[in-house]
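Under the working numbering, the very last position in the sequence shown is 702; numbers go up by exactly one each time. Beta carbons are placed, not taken as given, at the ideal position from N, Cα and C, and that holds for glycine. Please read the structure below before turning to the comments.
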Amino acid sequence: MTTSTAAGIHVSDAEAPLLNDDVDGSVDYKGRPATHSKSGGWKSAAFIIGVEVAERFAYYGISSNLISFLTGPLGQSTAKAAENVNLWSGMASLLPLLGAFIADSFLGRYRMIIVASGLYILGLGLLSASAFFFPFEDSDCQKASNNTACSPPQLQVILFFFSLYVVALAQGGHKPCVQAFGADQFDELDPIECKAKSSFFNWWYFSFCAGVLVALTILNYIQDNLGWGLGFGIPCIVMCLALIIFFLGTRTYRFRTPSDDRNPFIRIGQVFVRAVRNWHTKPAAISTEEEAQGVLPHESIQQFKFLNKALVMPDGSKKDDRVCSIDDIEEAKAVLRLFPIWATSLVYAIVFSQMSTLFTKQGVTMDRRITSSLQIPAASLQSFITIAILIVLPIYDRILVPVAGAITRKPSGISLLQRIGIGIFFAMLSMVAAAIVEIKRLETAIEHGLIDTPKATVPMSVWWLIPQYLFFGVADVFTMVGLQEFFYDQAPGELKSVGLALYLSIFGIGSFLSGFLISVIEKITSRNGQTSWFADNLNRAHFDYFYWLLAGLTAASLIAFIYFSRSYIYNRKLVI
């Protein structure tokens, strides 16, 4: 069957929808209205996911084995190296707040990704140069008879840390914008694309982990056996390729257009300012204004009612001042509602910080032989987290979601907050497993008389560590992906990059808190000549006590998370 257009063109019923398939609020690379048929969707997301795989390969190629470089070539103590790793990781996870602000307010996500990629290439290039031009190896420390002889050239240290923080700055612009730009390729108003967007976050993380797995298995081996210069240089080359891949997809991308001419930060900020200025406004005046704007009673309007005072024009305002609309107030409330979830997820981030620090140091002391002549790098054990994710994530997306959806009648199977809570529980199990294995490792060291020989290998297979890595891999499937989707979906429309930056800041603050905890515990437990929990001699240290502490904190945070989740009000536009 065919129909005719106003121009007399005959089209089939199947083709008719394509004549009016513009995507509301989006344009293509030439500024024309974007269409479902020629832009966005999985064809655009594939390019962006490819960029993310390369970027994660580069980032984890540095971060996963960083503590080994700091305690090896740079000659730092275990506690000092862990603090430096946590400080750098924290900065790398907090800088996305700055990157997201610049992207959402000035540059836009597309241009910000290009700038950040350039910074990435610069930082990784300098990092490689610092290792190539100053090839100070672990063996130099082993031959040294004192700490001074073990110290690397000061210029290498300065160049290394400068390069490292350029990489952190690059991640600050890259991380929140790439994922938000990828999610922008799906139209929330289209039922098919809306469902695909939820799946996008799962497959985004699946691909993310594929890049991490390659970094952990290949780059860590190269760094430990072929040299740090080459191990840092390969990520630089990969990021150059990532930038080329990103440019190749330009013609297919959708670009969000702002729904309001005002800066979203200023618009939301005005709500809080006017609410404070109208602090003494009578409830009757607010109710009158709500009725005038046709606001219907609903659960959201009753929460944080003090912000409703922004509906009233403050005394002394200029005539041309713009009144805050109910939409402005709802956006401000949406931001405010995120913070209890943000705060109760911080302990999860502290646990996350141990994967690339204390877990790696544990593995270094154990029997890592695969064959008589081949041993697995300790940092590569993190690949078991990735393996767990690569196995569990497709099962979750293709089996658990449809089954749970049939029961709950929700497209996502379970709510995002339920998903996050399940992951926090598995993180607690990871800490319990880590503590039990560490107790066993210390007992083995004592049984074989290795308590005062820290360089000796404890005759206990490194495979004992696998359960703690696997538990955390399952935790990531639920909590990490859940947090990503939650903060993207629940952030106001023009602050999606900021929403993802808030998610990343959880891990930034978590890294700082982890470093702070280690520093405080180090000082307390080493007083009066006692052996610190984080002594350089791991056979006298007590990582197990720290793991039990984290398990208890995780349990407490889970209880708080459940409490705030039960009262959380989802954005009305979102069906969960």
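Asked	Found
DSSP state of methionine 481 mapped onto helix, strand, coil	coil
Same chain, Cβ closer than 6 Å to isoleucine 455, five either side skipped, listed in chain order	Val397, Leu433, Ala436
Where glycine 709 falls, given that 16 or more other Cβ within 10 Å makes a residue buried	Outside the modelled stretch of the chain, which goes from 127 to 702, sits residue 709, for which no answer is possible.
Cutoff 7 Å; reference aspartate 150; Cβ partners in own chain excluding five residues on either side	Leu315
Residue span of the alpha helix (DSSP H) that contains aspartate 150, given as start and end	Element bounds for aspartate 150: not the alpha helix (DSSP H) but the beta strand (DSSP E), 148 to 153.
CB of valine 518 within 7 Å of CB of valine 607, strictly	no
Alanine 682 to leucine 472 span [Cα, whole Å]	12 Å
For phenylalanine 381, three-class secondary structure by DSSP	strand
Euclidean distance between Cα positions of threonine 128 and isoleucine 540	Because threonine 128 carries a pLDDT of 47, less than 50, the predicted location of this residue cannot be relied on, and the following value inherits that uncertainty. For threonine 128 and isoleucine 540, the distance between alpha carbons rounds to 42 Å.
C-alpha gap between alanine 584 and leucine 253, whole angstroms	Residue 584 is actually valine in this sequence, not alanine. In a straight line, the C-alpha of valine 584 is about 33 Å away from that of leucine 253.
Within 7 Å, strictly: CB atoms of serine 623 and alanine 306	yes
As assigned by DSSP and simplified to three states, the class of aspartate 493	strand
DSSP three-state assignment for alanine 505, whether helix, strand or coil	helix
Local Cβ density within 10 Å of histidine 668, reported as buried at 16 or more and exposed below that	buried
Under the three-state DSSP convention, the category threonine 486 falls into	helix
Length-filtered (4 minimum) alpha helix (DSSP H) runs lying within the stretch 199 to 239	204 to 228
C-beta contact flag for serine 170 and threonine 378 at 7 Å	yes
Own chain partners of serine 203 with C-beta closer than 8 Å, once the 5 adjacent residues on each side are dropped	Thr197, Asp662
Touching by the beta-carbon criterion (3+ pairs, under 8 Å), the stretch 212 to 232 and the stretch 629 to 636	yes
Selected residue, minimal CA-CA separation from tyrosine 236, among Ser637, Arg382, Phe551, Gly619	Arg382
Burial state of phenylalanine 232, where buried means 16 or more other Cβ atoms lie within 10 Å	exposed
Which residues DSSP lists as bridging valine 584, in chain order	Met492
Three-state secondary structure (DSSP) of threonine 160	It is alanine, not threonine, that sits at residue 160 in the sequence shown. Note: alanine 160 maps to strand in three-state DSSP.
Residues near phenylalanine 690 in its chain [Cβ-Cβ closer than 8 Å; skip 5 each side]	Pro466, Ile467, Thr470
Expected contact under 8 Å - CB spacing of serine 190 and leucine 342 to nearest Å	6 Å
At least 3 beta-carbon pairs within less than 8 Å: the stretch 355 to 371 vs the stretch 178 to 186	yes
Contact check, tryptophan 214 vs leucine 290, beta carbons under 7 Å	yes
Alpha carbon of alanine 218 to alpha carbon of glycine 298, nearest angstrom	6 Å
Three-state class that DSSP yields for phenylalanine 358 in the structure shown	helix
Option in Ile370, Lys321, Ile228 with minimal Cα separation from glutamate 178	Ile370
Helix, strand or coil at proline 618 according to DSSP, with G and I counted as helix	coil
N- and C-terminal bounds of the alpha helix (DSSP H) containing serine 556	542 to 573
Boundaries (first-last residue) of the alpha helix (DSSP H) holding serine 471	Careful: serine 471 lies outside any alpha helix (DSSP H) and carries neither H nor E.
Rounded distance between the beta-carbons of leucine 639 and isoleucine 476, thought under 8 Å	5 Å
Proximity winner among Ile513, Ala160, Ser587, Gly176, relative to threonine 497 (alpha-carbon distances)	Ser587
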